[in-house]
Structures are given as C-alpha cells and as structure tokens.
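S.K.: Structure provided below as structure tokens; questions to follow.
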Amino acid sequence: MAQYYGQRASVPGTLLISEGTFISARAGGYSNVPGIYTESHIEGWRKVTDAVHRNSSYIVCQLWSLGRAANPEVAKRENIEIMGPSPIPIDPKHPVPRQMDHRDIQLMIEDYAQAARNAIAAGFDAVELHGANGYIIDQFLQTNTNERSDEYGGDIERRSRFGLEAVRAVIDAIGAKRVGIRLSPWSTFNGMRMDDPIPQFRHFIQKLNDLDLAYLHLVEPRIAGNMDVESVDSLDFAMQEWKKPLLLAGGYVADTARTLVDEKVPDRDVVVTFGRYFISTPDLPFRIQKGLELTQYDRATFYTPQKAEGYIDYAFSKAFLDQQLAEVA
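Residue numbers (my numbering): 12 to 340.
Here it is, written out as structure tokens:
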C-alpha cells in the first residue's frame, strides 16, 4: 500500500484521497478493507502517509461506515450486526438490517470522531466522511432508506441530523479545516435514489456551508458506485448552494476535466478528482499537465487483493521518468 500511494504522490503537491477506511469494527462488513480504529492500523497507515509526504504531496483519509450495505457473509464471519436507519434491505436478496437505536447512533458518531483523531495521528493531512453511494450517512439522508419518526427521520431537517452530528463530531475532534465530506445525490448504487433528492441535499449542503469545511466532494450523476451509467440529472443545484472549495468526481478524462475547470466554472474553486484512471496512471497529474495520454485501466484487476498486477505495476510515462532523471543530474 505504501508503494502504491507513494507512486501516485510522485508529482509534488498531489492531493490523494485514500480508499474507504472503516471507522470501527461495527462499521465494517466487506473483505480486504483497511481500518483506522486500532494502534496497528495507525502504525500501518503511517508508512503510507510517510511515503506520500516524502514526495511533498498530501493525503486524506476517507472515513467509511457501511450500515445496511455490509456483506452478510462477511458480517457473519466477523460477528458484525448489520444495522441501518430503518429495517429496509437493499433488495430482497439482502438481509433486513436492524434499526439503529439512539445508543447505536451515538456510538457511530463517536466512532467517526475517534477515527478522525486516529487518522491525524497516522499522519493524514485531513479526513473525508464518505456520505455517498448508499452507505450509512446516505442511508440516513434519503427517504427510501430512512422511515424513522424520531429526531433522526421524518422530514428533511431530521434526516440530515445524523450526518451533521457526525460531521460536527469530527470537526470537534480535529478542526473544520481538516474535514471534507463526499455526497452522491443522484446515485442509484446500493438501492438508493429517493424520488426527488434535490430538496434534501440542498438543505444538507446549506447546513454544511455553516460548518466551514475544507471542501465538499460530489459524485456526478453518471457514476453509480464504480460503474458508468446514463443520466440527464445535474449537480447544478448543489454547486449553486456550496460556496467553498468543491471536488467533483465522475468519469472525467483530461479534456473534459480541463473544459469544466477552464470554461464551465472558471470563477469557481473546483478540483476534478480521478479514481480509475489514477489506478492505471501513477503520474496522472504530470500527464494532464503535459497533454499526454492516460493509461487505460483494467477493471478485472480492481478487486484482486495481495497482487501487484493492476496495482503497483503500471508504468510511469517516459517523459516523467526523463524529467526525474534531469532533476537528479
């Protein structure tokens, strides 16, 4: 892992966001996912953050809690109880989650705060709460997963409460300038997508504006999880509400990213993020700067644990390597 992240930090000033990282054992339920809730996790991640910082780059820890999206086989094996805002499964093939009570909610919020402290202790520069793609924060926000009638559900404001309390707890732990959050208002991944997400997410983003976060990270409608989809929906409403630095993810390539930043929103503080192409192109920022072609990724190697293939064996461009040699000479 340290080699992988170190490779992708090779262009000084690069901002990396880690893979999703479980905030606690109870927040998990997928195989081969790192955590940030034990001393050994902190020590292991410190090797990664050191590798990034040696290249004068930065790294954010993405804080992850699955909720009802936990894999039932993994959950059983690891003695994890699958929970969610309401007893609504992803689909008939998935188990019905137990509705979280107030103690469960408070423990999860405390998990976010402690994970944030641990991330900073591990050398991360900031944290990002994963509030997208049908995981726990997203589940509380949307009507098709939250049918509660208490203070954590029933209307727009109360459905926002869990996410806002988690964000505030993390802010109290490490400071607002080290905190971001990721949202996907239009995603159908993990059985999501309420009938009209705009009022809910507009309210949530308005409240986030008041917290002075480092950034908001939005997923474009054309992405559902790790797949491309057709969509005519727009994030314009969210971009209009958010007044601070904005990260956008969603199937961008160099040309479309440049068009967005330079032509569509030239007066906004917008950063385009890359996921799949950054896996296959370790010197991606350099190639975009120089107008060089990105390496095509191999989706078949995305989830093959403990293998170098498709992970740390992608080549740097000759132009980048030549520049490195020239700087050393």
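The beta carbon of each residue, even a glycine, is placed where N, CA and C say it ideally should be.
What are the start and end residues of the beta strand (DSSP E) that includes Gln73?
M.R.: One-based indexing of the sequence shown puts residue 73 at position 62. From DSSP, the beta strand (DSSP E) with Gln73 extends over 69-75.
S.K.: Taking C-alpha atoms, which residue in Pro98, Ile216, Ala133, Asn66 lies nearest to Thr49?
M.R.: Mapped onto the sequence shown, residue 49 falls at position 38. Checked all of Pro98, Ile216, Ala133, Asn66; the closest Cα to Thr49 is Ala133.
S.K.: Taking Met119 as the reference, which of Ser76, Leu257, Ile28 has the closest Cα?
M.R.: Sequence index remark: in the sequence shown, residue 119 carries index 108 (1-based). Per the Cα distances, Ser76.
S.K.: How is Thr32 classed by DSSP in three states: helix, strand or coil?
M.R.: One-based indexing of the sequence shown puts residue 32 at position 21. Here Thr32 sits in strand by DSSP.
S.K.: Is the CB-CB distance between Ala86 and Gly40 below 7 angstroms?
M.R.: If you number the sequence shown from 1, residue 86 lands on position 75. If you number the sequence shown from 1, residue 40 lands on position 29. Contact: yes.
S.K.: Where in the segment 135-176 do unbroken runs of the beta strand (DSSP E), each at least 3 residues long, occur, reported from the N-terminal end onward?
M.R.: 137-141
S.K.: Just the Cα atoms here: how many angstroms apart are His52 and Gly17?
M.R.: Counting from 1 along the sequence shown, the entry for residue 52 is found at position 41. Counting from 1 along the sequence shown, the entry for residue 17 is found at position 6. Note on geometry: alpha-carbon atoms of His52 and Gly17 lie some 18 angstroms from one another.
S.K.: May I ask you to list the residues that DSSP assigns as paired with Met94?
M.R.: Here residue 94 corresponds to residue number 83 of the sequence shown, with the count starting at 1. Per DSSP, Arg109.
S.K.: Would His141 be called buried (16 or more neighbouring beta carbons within 10 Å of its own) or exposed?
M.R.: Position 130 of the sequence shown, counting from 1, holds the residue named residue 141. Buried, by the Cβ-count rule.
S.K.: Can you tell me where the beta strand (DSSP E) holding Val230 begins and where it ends?
M.R.: Residue numbering aside, residue 230 sits at position 219 when the sequence shown is read from its first letter. From DSSP, the beta strand (DSSP E) with Val230 extends over 226-230.
S.K.: Could you have a look at Gly17 and say whether DSSP puts it in helix, strand or coil?
M.R.: Counting from one through the sequence shown, the residue named residue 17 turns up at place 6. Helix.
S.K.: Distance, Cα to Cα, Gln211 vs Ile167?
M.R.: Locating residue 211 in the sequence shown gives position 200, counting from the first residue. Locating residue 167 in the sequence shown gives position 156, counting from the first residue. About 5 angstroms.
S.K.: Please name the residue in Phe297, Phe313, Ile323 whose C-alpha comes closest to that of Leu332.
M.R.: One-based indexing of the sequence shown puts residue 332 at position 321. When each option's Cα is compared against that of Leu332, the closest is Phe297.
S.K.: On the three-pair Cβ rule with 8 angstroms, is the segment 177-187 touching the segment 216-229?
M.R.: yes
S.K.: For Val283 versus Tyr308, is the C-beta distance shorter than 7 angstroms?
M.R.: Reading the sequence shown from its first residue, position 272 is the one you call residue 283. Reading the sequence shown from its first residue, position 297 is the one you call residue 308. Not closer than 7 angstroms, so no.
S.K.: When the Cβ atoms of the segment 22-37 are set against those of the segment 119-128, are three or more pairs found closer than 8 angstroms?
M.R.: Judged by Cβ distances under 8 angstroms, the segment 22-37 makes contact with the segment 119-128, as three or more pairs qualify.
S.K.: Measuring alpha carbon to alpha carbon, tell me which residue in Ala127, Gln150, Arg65, Glu54 is nearest Ile99.
M.R.: Translated into positions along the sequence shown, residue 99 becomes position 88. Looking at the Cα atoms, Gln150 is the closest of the given residues.
S.K.: Pick out the complete alpha helix (DSSP H) segments inside the segment 254-288, 4 residues or longer, and give them in chain order.
M.R.: Within the segment 254-288, the complete alpha helix (DSSP H) segments of 4 residues or longer fall at 265-270, listed in chain order.
S.K.: With DSSP as the reference, identify every bridge partner of Gly191, one or two as the case may be.
M.R.: Taking the sequence shown and counting its residues from 1, one reaches residue 191 at position 180. Answer is Glu139, Tyr226, bridged to Gly191.
S.K.: May I ask which residues mark the beginning and end of the alpha helix (DSSP H) holding Pro210?
M.R.: By one-based count along the sequence shown, residue 210 stands at place 199. Element bounds for Pro210: 208-220.
S.K.: Is the distance from the Cβ of Asp294 to the Cβ of Ser21 below 7 angstroms?
M.R.: Counting from one through the sequence shown, the residue named residue 294 turns up at place 283. Counting from one through the sequence shown, the residue named residue 21 turns up at place 10. A contact, by the Cβ cut-off of 7 angstroms.
S.K.: Give the straight-line distance between the Cα atoms of Pro23 and Tyr123, rounded to the nearest whole angstrom.
M.R.: Stepping through the sequence shown from its first residue, residue 23 is reached at position 12. Stepping through the sequence shown from its first residue, residue 123 is reached at position 112. Distance between the alpha carbons of Pro23 and Tyr123 is about 30 angstroms.
S.K.: Compare the Cα-Cα distances from Thr156 to each of Cys72, Tyr226, Gln335, Asp206 and report the closest residue.
M.R.: Position 145 of the sequence shown, counted from the start, is the residue given in the question as residue 156. Nearest option by C-alpha distance: Asp206.
S.K.: Taking the alpha carbon of Asp244 as the reference point, which residue from Trp253, Pro232, Glu252, Lys255 has its own alpha carbon closest?
M.R.: Position 233 of the sequence shown holds residue 244. Out of Trp253, Pro232, Glu252, Lys255, Pro232 has the C-alpha closest to the C-alpha of Asp244.
S.K.: How would you call Tyr314, buried or exposed, if buried means at least 16 neighbouring beta carbons within 10 angstroms?
M.R.: Numbered from 1 along the sequence shown, position 303 holds the residue referred to as residue 314. Burial call: exposed.
S.K.: Closer than 6 angstroms by C-beta to Arg287: which residues in its own chain qualify, once you throw out the five before and the five after it? Chain order, please.
M.R.: The sequence position of residue 287 within the sequence shown is 276, counting from 1. Closer than 6 angstroms at Cβ, skipping near neighbours: Tyr308.
S.K.: Could you check where the alpha helix (DSSP H) with Trp56 kicks off and where it finishes?
M.R.: Stepping through the sequence shown from its first residue, residue 56 is reached at position 45. 50-65 is the span of the alpha helix (DSSP H), which, as asked, contains Trp56.
S.K.: Thinking Tyr15 and Tyr322 are a contact (beta carbons under 8 angstroms), I'd like their distance in whole angstroms, please.
M.R.: Reading the sequence shown from its first residue, position 4 is the one you call residue 15. Reading the sequence shown from its first residue, position 311 is the one you call residue 322. Contact flag correct, Cβ pair sits at about 6 angstroms.
S.K.: Using the beta-carbon count (16 or more within 10 Å), is Ala96 buried or exposed?
M.R.: Mapped onto the sequence shown, residue 96 falls at position 85. The displayed chain sequence assigns Pro, not Ala, to residue 96. It is buried - the Cβ of Pro96 has at least 16 other Cβ atoms within 10 Å.
S.K.: Would the beta-carbon of Arg172 fall within 7 angstroms of that of Leu152?
M.R.: Residue mapping note: residue 172 aligns to position 161 of the sequence shown, counting from 1. Residue mapping note: residue 152 aligns to position 141 of the sequence shown, counting from 1. Taking 7 angstroms as the Cβ cut-off, Arg172 and Leu152 do not qualify as a contacting pair.
S.K.: Would Ala249 and Ile299 qualify as a contact pair, given that the criterion is a beta-carbon distance under 7 angstroms?
M.R.: Counting from 1 along the sequence shown, the entry for residue 249 is found at position 238. Counting from 1 along the sequence shown, the entry for residue 299 is found at position 288. No.
S.K.: If distances are taken between C-alpha atoms only, which option among His64, Val44, Phe33, Gly46 comes closest to Leu26?
M.R.: Start at 1 with the first residue of the sequence shown, and residue 26 comes out as number 15. Answer by Cα proximity: His64.
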